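Number of protein chains: 2
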Amino acid sequence: MPNILLADDHDLVRDTIAAYLETVDGFNVLTAANLDEALERMDGLDAIDLLILDYNMPGMNGLEGLDRARKAHPACKVALMSGVANRDVANTAMARGASGFIPKSLTAASLVNAIKFVLSGERFLPFDFGAAPQEARAEGAFSKLSARELQTLEQLCIGLSNKEIARNLDIQEVTVKLHVKNLLAKLGVSNRTQAALLAKERHLF
Amino acid sequence: MPNILLADDHDLVRDTIAAYLETVDGFNVLTAANLDEALERMDGLDAIDLLILDYNMPGMNGLEGLDRARKAHPACKVALMSGVANRDVANTAMARGASGFIPKSLTAASLVNAIKFVLSGERFLPFDFGAAPQEARAEGAFSKLSARELQTLEQLCIGLSNKEIARNLDIQEVTVKLHVKNLLAKLGVSNRTQAALLAKERHLF
DNA sequence: GGCAAACCTATCCTTAAGTATAGGGGACTA
DNA sequence: TAGTCCCCTATACTTAAGGATAGGTTTGCC
Numbered sequence: 005m006p007n008i009l010l011a012d013d014h015d016l017v018r019d020t021i022a023a024y025l026e027t028v029d030g031f032n033v034l035t036a037a038n039l040d041e042a043l044e045r046m047d048g049l050d051a052i053d054l055l056i057l058d059y060n061m062p063g064m065n066g067l068e069g070l071d072r073a074r075k076a077h078p079a080c081k082v083a084l085m086s087g088v089a090n091r092d093v094a095n096t097a098m099a100r101g102a103s104g105f106i107p108k109s110l111t112a113a114s115l116v117n118a119i120k121f122v123l124s125g126e127r128f129l130p131f132d133f134g135a136a137p138q139e140a141r142a143e144g145a146f147s148k149l150s151a152r153e154l155q156t157l158e159q160l161c162i163g164l165s166n167k168e169i170a171r172n173l174d175i176q177e178v179t180v181k182l183h184v185k186n187l188l189a190k191l192g193v194s195n196r197t198q199a200a201l202l203a204k205e206r207h208l209f
Numbered sequence: 005m006p007n008i009l010l011a012d013d014h015d016l017v018r019d020t021i022a023a024y025l026e027t028v029d030g031f032n033v034l035t036a037a038n039l040d041e042a043l044e045r046m047d048g049l050d051a052i053d054l055l056i057l058d059y060n061m062p063g064m065n066g067l068e069g070l071d072r073a074r075k076a077h078p079a080c081k082v083a084l085m086s087g088v089a090n091r092d093v094a095n096t097a098m099a100r101g102a103s104g105f106i107p108k109s110l111t112a113a114s115l116v117n118a119i120k121f122v123l124s125g126e127r128f129l130p131f132d133f134g135a136a137p138q139e140a141r142a143e144g145a146f147s148k149l150s151a152r153e154l155q156t157l158e159q160l161c162i163g164l165s166n167k168e169i170a171r172n173l174d175i176q177e178v179t180v181k182l183h184v185k186n187l188l189a190k191l192g193v194s195n196r197t198q199a200a201l202l203a204k205e206r207h208l209f
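Protein sequence lines, in the order shown, are assigned to chains A and B.
The opening residue of the first sequence carries number 5 in this note's numbering; numbering runs sequentially from there.
The opening residue of the second sequence carries number 5 in this note's numbering; numbering runs sequentially from there.
#1: Which partner residues does S86(B) have in the DSSP bridge list?
#2: Could you give the distance in angstroms between the alpha-carbon of K167(B) and the alpha-carbon of K120(A)?
#3: Could you list the residues in the stretch 35-55 of chain A with a C-beta less than 7 Å from some C-beta on chain B, going in chain order?
#4: Could you work out which residue in L129(B), P130(B), F128(B), L182(B) is closest to L154(B) when comparing CA atoms only?
#5: So which residues on chain B does A112(A) lean against when the C-beta distance must stay under 8 Å?
#6: Is it the case that the Cβ atoms of L34(B) and R45(B) are separated by a distance below 8 Å?
#7: Can you tell me the Cα-Cα spacing of L164(B) and I169(A), whole angstroms?
#8: Beta carbons nearer than 9 Å to chain A: which residues of the stretch 171-204 of chain B have them?
#9: If you follow the alpha helix (DSSP H) that N117(A) is part of, which residue opens it and which one closes it?
#10: Rounded to whole angstroms, what is the Cα-Cα separation between P78(A) and V184(B)?
#11: Is the CB-CB distance between D58(B) and D13(B) below 8 Å?
#12: Mapping the DSSP letters down to three states, classify L10(A) as helix, strand or coil.
#13: What residues in the stretch 57-88 of chain A have a beta carbon less than 9 Å from any beta carbon of chain B?
#14: Checking contacts by CB at 8 Å: is L160(B) closer than that to chain A?
#15: Taking 7 Å as the line, does the beta carbon of I8(A) fall inside it for any heavy atom of the ligand SAH?
#16: In angstroms, rounded to a whole number, what distance separates the CA positions of S124(B) and L55(B)?
#17: Check I175(B) in the structure and name its three-state DSSP category.
#18: With H, G and I counted as helix, E and B as strand and the rest as coil, what does DSSP make of K81(A)?
#19: For G66(B) versus D40(B), is the C-beta spacing smaller than 8 Å?
#20: How about G104(B) and R127(B): are their beta carbons less than 8 Å apart?
#21: Helix or strand or just coil, what does DSSP make of V17(A)?
#22: Considering Cα atoms alone, identify which of E158(B), M98(B), N32(B) is closest to M5(B).
#23: Specify, as a first and last residue, the run of the alpha helix (DSSP H) that L201(A) falls within.
#24: Among the candidates I8(A), S150(A), A113(A), whose CA atom is the shortest distance from the CA of L84(A)?
#25: Is it buried or exposed for A189(A), if we count other Cβ within 10 angstroms and need 16 for buried?
#26: Leaving aside the five residues before and after A140(A) along the sequence, list all residues of the same chain whose C-beta is less than 7 Å from its C-beta, in chain order.
#27: With DSSP collapsed to three states, give me the class of F128(A).
#28: Kindly indicate if chain A contains any beta-carbon less than 8 Å away from that of L154(B).
#29: So K108(A) contacts chain B; which residues on that side make the cut at Cβ distance below 7 Å?
#30: Name the chain B residues whose beta carbon is nearer than 9 Å to that of G163(A)?
#31: Exposed or buried, what is S150(B) when buried is set at 16 or more other beta-carbons lying within 10 Å of its beta-carbon?
#32: Using a Cβ-Cβ cutoff of less than 8 Å, which residues in the same chain neighbour V193(A) once the five nearest sequence positions on both sides are dropped?
#33: Taking 8 Å as the threshold (beta carbon to beta carbon), is T27(B) in contact with chain A?
#34: Rounding to the nearest angstrom, what Cα-Cα distance links V93(B) and T179(A) in this structure?
#35: According to DSSP, simplified to helix, strand and coil, what is D53(A)?
Following this line, the structure appears as structure tokens:
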């Protein structure tokens, strides 16, 4: 019976997926609410066969969380799961050594198949995923953002000033200005308010 | 055995929650991937006791979807579910007649309790999700705005600069600054981005 | 008439936002 | 090894945003 560790900060999503996997297919599922908790939980026992990480989750910091998890437990397979990430993120994740990428648009039955697939040693990436060019311009624009730029955009979406963002990210205000300038250019907008509104419109944060 | 219709565009989330509710508590759960599909599905049979709508889902258009659903099936209880919406959205939804608001940060066990609560005729809103709206950002804050301030706010919500707003309203830029300053104070926020986000959150424009 | 409120404008000021240029360091890659 | 990309920082600058004060107009109300 394979052991799975599922990390997602949405309790409802995490619990129900865990319960589904346990009852329907007899997997043994542990859960965690963020990356640190997941890594802690793996330290005691090395019996985890598959670690599933939510892409938007405290501690993940983009794909840095994937690297941390893989470095901490090289033997364990790591899959990413996301409801918002696009093809580019998925490809990057796979390139960085993820064993699978699970969009939340997947059906529950497919999830089980994907997990079995990954546990058997293969790597899973749904091929139709992200193929449809929905709102191509803006959607693709967000994928061009670097990790730091995404974090900066997230703070813009709460209406924070450069100074506050600098404090939160523990960098200098000038650096924040640089990130802001670059992300404005990449999104094709002319000020921070437009950037925040655009991101909100696309339900990124 | 109560009938529940669960509408969410994330197949994985929807299926697992549905499966959980069915297996763990014996609810009879139907599903839909968007609002139109949900409303269609309800037309044939009027046996649905509770409709659960994902706040971010095709066809919802903010809280308009809630109104549509309630108008189409006045007898049916309607609850909203969201992973991103905040206290303000929840309060507005309850004010507009929702029977419950389910943040996805809820535990699976609490979800079952919430559903039972709603089915019994009560209305469910988690405590920590703010029964108390924040003082300065109260609903009435917007009603304090003068006509010009409202027009100014509307332009802020497209991310325009003071200069552009001045041109659009055919007044001087200094005057726009005055309106902005006053409306920021009335809304209890500290800059134009926060004002725009707040207005958008309330679906004012 | 006096009064209040919303609206408009002006001048002055401080701080924030955004641009430009230049450079150092780390990580990955050909 | 060189090249590239991201990240960080620094200096310097221009423009925008926001605040403070002091007026001015109209409308309408008591």
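For each residue, glycine too, the CB sits at the ideal point set by N, CA and C.
What you are looking at is a predicted structure, and each value in this text was computed from that prediction instead of being measured.
So, to answer that:
#1: BP columns for S86(B) point to P107(B).
#2: K167(B) and K120(A): Cα-Cα distance of roughly 59 Å.
#3: Residues: none.
#4: The shortest C-alpha separation from L154(B) is found at L182(B).
#5: Close to A112(A), with beta-carbon spacing below 8 Å, are these residues of chain B in chain order: D15, L16, D19, T20, A23.
#6: R45(B) sits close to L34(B), with the two beta carbons spaced by under 8 Å.
#7: A straight-line Cα-Cα distance of about 22 Å links L164(B) and I169(A).
#8: Within the stretch 171-204 of chain B, the qualifying residues are V193, S194, N195, R196, T197, Q198, A199, A200, L201, L202, K204.
#9: It spans 112-123 - the alpha helix (DSSP H) in which N117(A) sits, taken as one unbroken run.
#10: Rounded to the nearest whole angstrom, the C-alpha separation of P78(A) and V184(B) is 54 Å.
#11: For D58(B) and D13(B), yes; Cβs fall inside 8 Å.
#12: In this structure, L10(A) counts as strand in the three-state DSSP scheme.
#13: Hits within the stretch, in order: M85, G87.
#14: Judged by the 8 Å Cβ criterion, L160(B) is in contact with chain A.
#15: Questions concerning the ligand SAH fall outside what the structure shown contains, since it holds no ligand whatsoever.
#16: Each residue's alpha carbon lies about 14 Å from the other.
#17: If DSSP states are grouped into helix, strand and coil, I175(B) belongs with coil.
#18: The answer is strand: DSSP assigns K81(A) an E or B state.
#19: 8 Å or more divides the Cβ of G66(B) from the Cβ of D40(B).
#20: Contact: yes.
#21: Under the three-state reduction of DSSP output, V17(A) falls in the helix class.
#22: Looking at the Cα atoms, N32(B) is the closest of the given residues.
#23: Its alpha helix (DSSP H) spans residues 196-205.
#24: Distances from the alpha-carbon of L84(A) to those of I8(A), S150(A), A113(A) put I8(A) closest.
#25: Taking all protein chains in view, the Cβ of A189(A) is surrounded by fewer than 16 other Cβ atoms within 10 Å, so the residue is classified as exposed.
#26: Low confidence applies here, because A140(A) scores a pLDDT of 26, under 50, leaving its location unreliable; read the following figure in that light. So the list is empty, once near-sequence residues are dropped.
#27: Note: F128(A) maps to strand in three-state DSSP.
#28: Interface flag for L154(B) against chain A is unset, since no Cβ pair is found closer than 8 Å.
#29: Here the neighbours are H14, L16, V17.
#30: The contacting residues are V193, S194, N195, R196, T197, Q198, A199, A200, L201, L202.
#31: With fewer than 16 other Cβ atoms inside 10 Å of its own Cβ, S150(B) counts as exposed.
#32: Only A199, L202 meet the Cβ criterion.
#33: Interface residue, yes.
#34: Approximately 34 Å between the Cα atoms of the pair.
#35: D53(A) falls in the coil class under three-state DSSP.
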